[in-house]
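Below you'll find the structure, written out as structure tokens, and then a few comments.
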Ligand code: NAD
Ligand code: TYD
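Residue numbers (the working numbering): 15 to 353.
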């Protein structure tokens, strides 16, 4: 079994590669990644020398490069994690989101058609459903919830999902799509809420909470997401969409307070800053389908996962310190400078 994992030098993709090499030691994993600001080759160092692992630096939008990799590897499965993934960046500059997230997906699917790939799996997000009101805790996103996007990021992911389903219906491409809630865990780039707050707290820097911090996200430990995708690849039905989430809704402000407590830092570091434009209020996944049809359940409780995650950032300071000391400083000044 040969599987091409795109975006495998990023947060979830790298965790997925580690997971798959562990549970399917006989499979060959080929990682295709452009190494944008979010891709980090050092993350993959522990597996780089494995005989059943190969890293290829390429852009999923580069038709010739994708074609030659598929011709060489003849993959059985393609899992597409490659994307521009940060909402705030999409608000600043949407173009690259449309390019990578939509057109890149098309390039990959065209190659899958040409080389008869047996499964194309698109890693999508709960953000395609838009947001839910805070005062209706009974409402959850199911796979039937209409797409209703807010940010250029979520609009680009939703567009890709529509295209994936169109390739299934029109060309019979064997696809599956998963829509997961917010992930957290090791190797997450420190532009996202949890690693940003951990890194800032450890450096005694202000903790920039957007608005009142009352927005709710449904958090899932990254390993649970990886297990769900593995299960969908093996037992999921083609043409189907699966929601992934663990019924773990948390307000941003409560997460930031928890991080302060765990690190023994004062909550006076918390600084309320101008809210994100078009900020989604609440995400909440109904994972009934993947539970009843495939038997998936999350294994890591948030209370344990967040402690493990904080411990990882404490034990792996060089990994994120290298990031925050480079080009990230310009990003940080631009996004938070006079917010
Ligand atoms: P990430 O930003 O950490 O990593 C993205 C990876 O894709 C990087 O390694 C980057 O170099 C690579 N990449 C970007 N553009 C590329 C291109 N044109 N060609 C090849 N590689 C390219 O993202 P992540 O948080 O790991 O998210 C992975 C996927 O999961 C994304 O599709 C995202 O939409 C989805 N998702 C993320 C979350 C979350 O909470 N992080 C939740 C649900 C779904
Ligand atoms: P983020 O990690 O960017 O994920 P997403 O927007 O895809 O859910 O943000 C999670 C939540 O945290 C979101 O409501 C925005 C908020 N947030 C802050 O309050 N401050 C920050 O510095 C960041 C990055 C996010």
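Don't be surprised by glycine CBs; every beta carbon is placed ideally from N, CA and C.
query: What is the DSSP secondary structure of residue 196, reduced to helix, strand or coil?; result: strand
query: So the beta strand (DSSP E) residue 285 belongs to, where does it begin and stop?; result: 284-287
query: Counting pairs of Cβ atoms below 8 Å between the stretch 76-84 and the stretch 141-151, do you hit three or more?; result: no
query: Would you list the one or two residues that DSSP bridges to residue 44?; result: 18, 68
query: My parser needs the alpha helix (DSSP H) runs of 4 or more residues fully inside the stretch 198-272; what are they?; result: 207-216, 236-249
query: So, is residue 200 buried or exposed, given that buried needs 16 or more other C-beta atoms within 10 angstroms?; result: buried
query: Can you list, in chain order, the residues of its chain with a C-beta nearer than 6 Å to that of residue 405? Leave out the 5 residues immediately preceding and following it.; result: Given that the chain is displayed from residue 15 to residue 353, the structure contains no residue 405 and the question cannot be resolved.
query: How about residue 279: is its C-beta nearer than 9 Å to some C-beta of chain E?; result: Absent from the structure is chain E; it holds one protein chain and no more.
query: Would you please state the rounded distance, in angstroms, between the beta carbons of residue 229 and residue 179? I believe it to be under 8 Å.; result: Residue 229 to residue 179, Cβ: 29 Å. No contact.
query: Which of the three DSSP states is assigned to residue 94 in this structure?; result: strand
query: Any heavy atom of the ligand NAD closer than 8 Å to the beta-carbon of residue 145?; result: no
query: Run through DSSP, which three-state label would residue 61 get?; result: helix
query: Grouping DSSP H, G and I as helix and E and B as strand, with all else coil, what is residue 33?; result: helix
query: Report yes if the C-beta of residue 157 is less than 8 Å from at least one heavy atom of the ligand NAD; otherwise report no.; result: no
query: Closer than 6 Å by C-beta to residue 299: which residues in its own chain qualify, once you throw out the five before and the five after it? Chain order, please.; result: 140, 155, 195, 232, 257, 259
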